[in-house]
Every structure is written in structure tokens, then in C-alpha cells.
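Chemist:
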Amino acid sequence: MQLYNTASHHKDEFTPQNPQEVTMYCCGPTVYNYAHIGNLRTYIFEDLLARTIRLHYPLKHVMNVTDVGHLVSDQDSGEDKMEVATQREGKSAWDIAKFYEEKFWADYDSLHCTRPTVVCRATQHIKEMIALVKKLEEKGYTYRTSDGIYYDTSKFDRYDALVGHARISGLQGGARVEMSDEKRNPTDFALWKFSPTDKKRQMEWDSPWGVGFPGWHIECSAMAMKYLGDTLDIHCGGIDHVTIHHTNEIAQSEAATGKKYVNYWVHGEFLILRSGKMSKSAGTFVTVQTLRDKGYEPLAYRYLCLTAHYRTQLEFTFESLDSAVKSLENLRALCRQAKAAANGAVQDSPAAQAWKAKFSAAMEDDLNAPRALAVAWETARSAELSAAEKVAVLQFADSILALDLFKEKQTAPVEIPPAVQDLLAARAAARAAKDYKKSDELRSEIAKLGYQVKDTPQGQKAEKI
Ligand code: AMP
Ligand code: ZN
Numbered sequence: 000m001q002l003y004n005t006a007s008h009h010k011d012e013f014t015p016q017n018p019q020e021v022t023m024y025c026c027g028p029t030v031y032n033y034a035h036i037g038n039l040r041t042y043i044f045e046d047l048l049a050r051t052i053r054l055h056y057p058l059k060h061v062m063n064v065t066d067v068g069h070l071v072s073d074q075d076s077g078e079d080k081m082e083v084a085t086q087r088e089g090k091s092a093w094d095i096a097k098f099y100e101e102k103f104w105a106d107y108d109s110l111h112c113t114r115p116t117v118v119c120r121a122t123q124h125i126k127e128m129i130a131l132v133k134k135l136e137e138k139g140y141t142y143r144t145s146d147g148i149y150y151d152t153s154k155f156d157r158y159d160a161l162v163g164h165a166r167i168s169g170l171q172g173g174a175r176v177e178m179s180d181e182k183r184n185p186t187d188f189a190l191w192k193f194s195p196t197d198k199k200r201q202m203e204w205d206s207p208w209g210v211g212f213p214g215w216h217i218e219c220s221a222m223a224m225k226y227l228g229d230t231l232d233i234h235c236g237g238i239d240h241v242t243i244h245h246t247n248e249i250a251q252s253e254a255a256t257g258k259k260y261v262n263y264w265v266h267g268e269f270l271i272l273r274s275g276k277m278s279k280s281a282g283t284f285v286t287v288q289t290l291r292d293k294g295y296e297p298l299a300y301r302y303l304c305l306t307a308h309y310r311t312q313l314e315f316t317f318e319s320l321d322s323a324v325k326s327l328e329n330l331r332a333l334c335r336q337a338k339a340a341a342n343g344a345v346q347d348s349p350a351a352q353a354w355k356a357k358f359s360a361a362m363e364d365d366l367n368a369p370r371a372l373a374v375a376w377e378t379a380r381s382a383e384l385s386a387a388e389k390v391a392v393l394q395f396a397d398s399i400l401a402l403d404l405f406k407e408k409q410t411a412p413v414e415i416p417p418a419v420q421d422l423l424a425a426r427a428a429a430r431a432a433k434d435y436k437k438s439d440e441l442r443s444e445i446a447k448l449g450y451q452v453k454d455t456p457q458g459q460k461a462e463k464i
């Protein structure tokens with residue numbers, strides 16, 4: 000299997016340290032708000048990686064849940080995102096974390112992402128984080144400022160290893176303006192932050208340095224090494240984490256252990272909107288619930304993600320999601336036809352195996368999902384394979400694509416979103432009052448939301464346009 004490694008800047012042959020257990024750590028959600036579909040694109044790519052690895056090796060997949068310490072700016076300035084959410088929602092930080100974590104897993108499952116082997120919450124690993132900071136202190140990598148314990152990046156000579164010197168100096172230039180007087184170097188970052196003296200934080204702990212909370216970067220190093228050992232096979236995340244978060248994770252972990260932290264760094268590109276980056280903090284984001292409210296099946300979004308390679312940006316539009324809906328339905332129709340024609344038979348013949356190998360070769364070439372999807376289409380349309388052979392190949396393909404390819408066609412009426420239901424009720428009232436002008440206006444309102452109304456003897460019927 001070939002994987003593009005951010006650290007080497009090219010595709011490398013994947014060789015695990017121990018073929019009995021591949022180790023993979025994925026940066027998880029910061030649970031202060033709903034995950035947006037951009038975040039979920041990253042988890043879909045990580046799921047494809049997990050499923051592809053599992054074709055050959057047992058996998059230990061660890062994901063953290065950041066429920067403390069992620070500041071509004073990734074560079075240790077601004078407030079903790081969790082504490083900001085408490086002001087926004089008037090709930091405790093603990094309740095917010097619990098609520099959004101539950102929502103996160105529901106979205107994650109709806110996109111058929113496989114649950115990690117271990118899920119670890121930052122707030123339950125404070126002890127391990129303090130131990131790691133202590134180790135760094137003993138080795139002389141830390142210093143104290145008035146607001147916390149910081150990592151001195153000038154002491155770690157491979158600090159620019161992941162991104163290259165040019166990008167680190169760019170970062171330093173940019174950060175200089177905001178740099179607090181007490182930081183020794185612009186790239187230094189907080190390992191432990193002290194609670195403010197003028198107000199009480201909801202999430203804070205005792206430490207050898209004073210009451211406070213961990214920095215965001217130390218969370219991942221402490222938990223990754225606790226569950227996976229000092230050297231991980233694979234560490235994943237979104238591309239935004241390369242310059243700061245993952246660069247800092249390497250610095251902390253390698254300074255503490257003296258060993259290589261990660262053999263393969265794998266990063267997914269962003270999902271973007273025409274208007275730019277999808278951002279939780281800016282409040283302009285689409286969630287899985289947004290898709291559901293508009294009548295889309297979450298797996299149509301998974302299909303859309305599979306049409307682009309994980310290392311290319313993907314622009315999200317509802318037009319592209321509509322075409323994903325159609326393609327997924329057409330592919331499912333072919334799968335259903337094959338299954339019906341095979342009449343329960345599955346024939347894993349040499350020809351079927353050759354197609355399966357073609358499919359896995361695409362996935363094993365740095366997760367080329369678009370090519371793998373094309374192999375599934377060719378199989379479904381093939382004139383040479385028998386129906387039972389097609390079923391064998393397509394079942395295998397679906398164990399990676401996870402698109403529910405053999406799903407029966409939905410005969411139940413599509414779920415009508417609440418906004419459309421309200422308009423339908425208003426239209427029924429208008430018609431009862433014989434206000435046909437109003438009723439027509441409401442029909443256009445409903446059409447704007449993507450539904451057409453039919454007046455049947457049983458009453459109004461709304462269908463997706
Ligand atoms: P967060 O919950 O903000 O910590 O992010 C969770 C994951 O989503 C991280 O791996 C991020 O790198 C990733 N991510 C954030 N925004 C996007 C985006 N627009 N497209 C793809 N991945 C993203
Ligand atoms: Zn992380």
C-alpha cells in the first residue's frame with residue numbers, strides 16, 4: 000500500500016512496525032458545537048484509510064475528543080472554545096461537551112464511519128498530560144510565563160521537520176505581531192495554561208505549576224502515546240493541523256521520548272464553500288442535520304466525498320450533492336438488479352477476484368477512492384461478469400465504500416422537512432378558506448425549498464422536485 004506522507008513529501012510504501020497491529024491516531028472533534036460537513040469529510044477519509052488497512056492488518060484506531068483547552072486561536076491566544084460555548088448557550092462546559100459529543104457520534108455513524116477502537120477524552124487524561132509536561136520540564140524544554148508553562152521551540156532542532164523551514168519562518172513573521180512579550184520565540188506554545196486570576200474557569204485542575212488546564216497540543220501527544228506507544232505508524236488529521244498542531248505534537252513527543260513520533264503523517268484536504276473556508280467559528284457551516292432537513296440521505300454526502308481524492312480540495316454545492324444522490328441511486332439500482340438476477344448466489348470466481356484486486360489496488364494507491372468508485376461502476380455495468388460474480392465484487396467494494404449499495408429502493412415517502420410541513424399546513428388552511436391566491440403563493444414558497452405539491456383526492460402530497 001502506498002500512502003502520501005506529509006513528512007517525506009511523497010508517496011511511500013506503507014510498512015507497519017508490527018503487522019499484528021497497525022497503530023493509527025486521528026485528531027478528533029472539539030465538542031463545543033456541531034461538527035460541520037467539512038470536519039466530517041476528514042473523518043470519511045480516515046475511515047477509508049482504516050477500512051483499507053484492515054484488508055491486510057488488524058488495526059488499533061485511536062481518536063481523541065477535545066473537551067478542554069482548544070483556544071479560539073490555534074496559537075494559544077483567545078479563550079477556550081468550550082468556555083466560549085458556555086456563555087453562548089448558558090449550559091455548563093461539561094454539559095456542552097456531552098451534548099455535542101453525542102451529536103458528533105450520531106453524525107459519524109450516519110456517514111458509515113467505523114468507530115475507533117479507543118475513544119479518549121482530554122478531560123479524562125489530565126494526569127498523563129501533566130506527566131508529559133513534567134518530563135519536558137526535566138529535560139529543559141520548558142519555561143514559565145505569567146500565564147502558563149511554555150515549550151521552547153528553539154531547543155528542538157527539528158522543529159521545522161514536518162512543514163519545512165520556509166513555512167515555519169512565514170509563521171514566525173505572521174505571529175510576531177500577536178506575540179506576547181513573555182514568549183521567547185514566536186512559535187513557542189503553551190503546555191499548561193494557568194486559570195485567570197479574575198474569574199473561575201469551569202474546567203480546571205491542580206498541577207505542579209498551579210491551577211489551570213492543558214494546552215491543546217499536549218492532549219494529543221499524551222493520549223496517542225498512552226494508547227499506541229512512543230512511535231505510531233500513522234497519524235491523521237485535516238491539512239490545517241500541519242503547521243501548528245502536528246508540528247507541536249512532534250516537538251513535544253520527540254523531545255520527551257528521544258524517539259520518532261510518527262512514521263506516516265496523512266492529511267486530508269479541506270471541503271470548501273464557494274464563499275471560502277467552511278468555518279465553525281464564523282457560524283457559516285453546513286451540518287449533517289442541514290442535509291437531513293433538506294431531505295438528503297447522509298450517505299449521498301459520503302458518495303460525494305468519494306468522488307474527489309482526499310488530497311484535493313472539494314467544493315461543496317447542493318448541485319453536486321444532487322448529482323451524488325442520482326449517481327448513488329443509479330449504482331444501487333444496478334446492484335439490486337445484479338442481486339435479483341443472481342437469485343441469492345455469490346460467485347467469487349477468478350474473474351470476480353481480478354475485479355476485486357483492481358478495486359483494492361485503487362484504494363491501496365494512496366486511497367484513490369474516485370478510481371475505486373469507477374471500478375465499482377464498471378463492475379456493475381460489465382457485460383462479461385455474471386450477476387453472481389458482480390454481487391461478489393460489489394459486496395467487497397461496499398465493505399470499503401460503505402454506501403449501502405444493496406439498499407432497497409425507498410418506497411416510504413421521503414421525510415418532509417419541518418419548514419415544508421409548516422408551509423403545507425398553512426396551504427391547507429388557505430385552501431379550506433378558499434384563499435387560492437395565498438395557496439398559490441405558498442406553493443411557490445414550497446417549491447423554493449425543493450418540493451412540489453400535488454392536490455390529490457386524499458389531500459396535498461409533497462414530493463421532492
Ligand atoms: P475540530 O473539531 O475543529 O478540531 O476539527 C476536526 C477535524 O476536522 C480536524 O482534523 C480538522 O483538521 C478537520 N477540518 C476542519 N475544517 C475542515 C474542512 N473545512 N474540511 C475538511 N476538514 C476540516
Ligand atoms: Zn490532535
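Taking numbering that gives the first Met the number 0, the leading residue of the sequence shown gets 0, the next gets one more, and so forth. Glycine included, C-beta positions come from ideal geometry on N, C-alpha and C. Since we're looking at a predicted model, the values are computed, not measured.
Can you pull every residue whose C-beta falls closer than 5 Å to some heavy atom of ligand 2, listed in chain order?
Modeler: For ligand 2, the selected residues are Cys-26 and Cys-219.
Chemist: Give the secondary structure of Val-162 by DSSP, where H, G and I count as helix, E and B as strand, and everything else as coil.
Modeler: In the structure shown, Val-162 sits in coil (DSSP, three-state: anything other than H, G, I, E or B).
Chemist: Measuring alpha carbon to alpha carbon, tell me which residue in Lys-138, Ser-145, Leu-39 and Asp-94 is nearest Trp-104.
Modeler: If we check each option's Cα against that of Trp-104, Leu-39 comes out closest.
Chemist: Helix, strand or coil: how does DSSP classify His-8 here?
Modeler: If DSSP states are grouped into helix, strand and coil, His-8 belongs with coil.
Chemist: Does at least one heavy atom of ligand 1 sit under 7 Å from the Cβ of Ala-66?
Modeler: According to the sequence provided, residue 66 is Asp. The question's Ala does not apply to it. Flag unset: Cβ of Asp-66 not near ligand 1.
Chemist: In whole angstroms, what is the alpha-carbon distance linking Gly-211 and Thr-22?
Modeler: When rounded, the distance between both Cα atoms is 31 Å.
Chemist: Shorter than 7 Å, the distance from the beta carbon of Gly-267 to the closest heavy atom of ligand 1, or not?
Modeler: At least one heavy atom of ligand 1 is nearer than 7 Å to the Cβ of Gly-267, so yes.
Chemist: Rounded to the nearest angstrom, what separates Gly-173 and Arg-291 at their Cα positions?
Modeler: Unreliable positioning characterises Gly-173 in this predicted model, as indicated by a pLDDT of 45, which lies under 50. The coordinate reading is nonetheless provided below. Going from the Cα of Gly-173 to the Cα of Arg-291 covers about 40 Å.
Chemist: Per DSSP, what kind of secondary structure is Asp-421 in: helix, strand or coil?
Modeler: Correct three-state label for Asp-421: helix.
Chemist: Going by C-alpha distance, which of His-124, Ala-121 and Ser-381 is nearest Gln-336?
Modeler: Nearest of His-124, Ala-121 and Ser-381 to Gln-336, Cα basis: Ser-381.
Chemist: Tell me which residue opens and which closes the alpha helix (DSSP H) that Asp-46 is part of.
Modeler: Asp-46 -> alpha helix (DSSP H) spans 36-52.
Chemist: Between Asn-184 and Thr-152, which are expected to be in contact by the criterion C-beta below 8 Å, what is the C-beta distance as a whole number of angstroms?
Modeler: Right, their Cβ atoms sit about 5 Å apart.
Chemist: Who pairs with Gly-294 in a beta bridge, going by DSSP?
Modeler: Answer is none; Gly-294 lacks a bridge partner.
Chemist: Quick one: what does DSSP say Trp-208 is sitting in, helix, strand or coil?
Modeler: Of the three classes helix, strand and coil, the one that applies to Trp-208 here is coil, per DSSP.
Chemist: Taking only the alpha-carbon atoms, compute the straight-line gap between Leu-47 and Glu-318 and give it to the nearest angstrom.
Modeler: Taking the straight line joining both Cα atoms gives about 24 Å.
Chemist: With H, G and I counted as helix, E and B as strand and the rest as coil, what does DSSP make of Gln-459?
Modeler: Here Gln-459 sits in strand by DSSP.
Chemist: If we call anything under 8 Å between Cβ atoms a contact, is Asp-79 one with Val-30?
Modeler: Going by C-beta atoms, Asp-79 is not nearer than 8 Å to Val-30.
Chemist: Between Lys-138 and ligand 1, is there a pair consisting of the residue's CB and a ligand heavy atom that are separated by less than 7 Å?
Modeler: No.
Chemist: Leaving out five residues before and five after Ser-443 in sequence, what residues of the same chain have Cβ atoms less than 6 Å from its Cβ?
Modeler: The answer is none, since no qualifying residue turns up.
Chemist: Grab the span of the beta strand (DSSP E) containing Phe-193 for me, first residue to last.
Modeler: Note, Phe-193: beta strand (DSSP E), 188-193.
Chemist: Measuring CA to CA, which of Pro-417, His-308, Gln-451 and Ala-373 is closest to Tyr-3?
Modeler: The option with the nearest alpha carbon to Tyr-3 is His-308.
Chemist: Under a three-way DSSP split, which group does Gln-288 fall into?
Modeler: Three-state result, Gln-288: helix.
Chemist: I'd like the span of the alpha helix (DSSP H) that includes Cys-119, first residue to last.
Modeler: Counting along the chain, Cys-119 falls outside any alpha helix (DSSP H), though it belongs to the beta strand (DSSP E) covering 117-120.
Chemist: Kindly provide the ranges of any alpha helix (DSSP H) runs that are 4 or more residues long and lie completely inside the region 364-409, ordered along the chain.
Modeler: Counting whole runs of 4 or more residues, the region 364-409 contains the alpha helix (DSSP H) stretches 368-380 and 386-400.
Chemist: Answer yes or no: do Gln-201 and Thr-85 have a C-beta to C-beta separation smaller than 8 Å?
Modeler: Going by C-beta atoms, Gln-201 is nearer than 8 Å to Thr-85.
Chemist: According to DSSP, is Thr-65 helix, strand or coil?
Modeler: Thr-65 falls in the strand class under three-state DSSP.
Chemist: Give me the residue from Lys-199, Lys-198 and Ile-148 with the minimum Cα distance to Glu-181.
Modeler: The shortest Cα separation from Glu-181 among Lys-199, Lys-198 and Ile-148 belongs to Ile-148.
Chemist: Who are the near neighbours of Glu-248 in its chain, counting only those whose CB is closer than 6 Å to its CB and skipping five residues on each side?
Modeler: Contacts found: His-216, Cys-219 and Ser-220.
Chemist: Under 7 Å Cβ to Cβ from Lys-437, same chain only, skipping five residues before and after it: list those, please.
Modeler: Result list for Lys-437: Ala-429, in chain order.
Chemist: Examine ligand 1 and report whether any of its heavy atoms sits within less than 7 Å of the Cβ of Pro-28.
Modeler: Yes, the beta carbon of Pro-28 sits closer than 7 Å to at least one heavy atom of ligand 1.
Chemist: Please work out which residues of its chain come closer than 6 Å, Cβ to Cβ, to Ala-323, disregarding the five sequence neighbours upstream and downstream, and give them in chain order.
Modeler: Same-chain partners within the cutoff: Ala-299, Tyr-302 and Leu-303.
Chemist: In terms of alpha-carbon separation, which member of Lys-198, Ala-427 and Trp-191 lies closest to Tyr-205?
Modeler: For the record, residue 205 in the displayed sequence is Asp; it is not Tyr. For Asp-205, the nearest C-alpha among the options comes from Trp-191.
Chemist: What do you get for Ser-398, buried or exposed, if any count of 16 or more other CB atoms within 10 angstroms of its CB means buried?
Modeler: It is exposed - the Cβ of Ser-398 has fewer than 16 other Cβ atoms within 10 Å.
Chemist: Nearest to Asp-347 by CA position, among Lys-389, Asp-421 and Thr-306, is which residue?
Modeler: The option with the nearest alpha carbon to Asp-347 is Lys-389.
Chemist: Per DSSP, what kind of secondary structure is Asp-106 in: helix, strand or coil?
Modeler: Reduced to three states, the DSSP call for Asp-106 is helix.
Chemist: How many angstroms separate the CA atom of Asn-262 from the CA atom of Asp-11?
Modeler: Spanning the two alpha carbons is a distance of roughly 10 Å.
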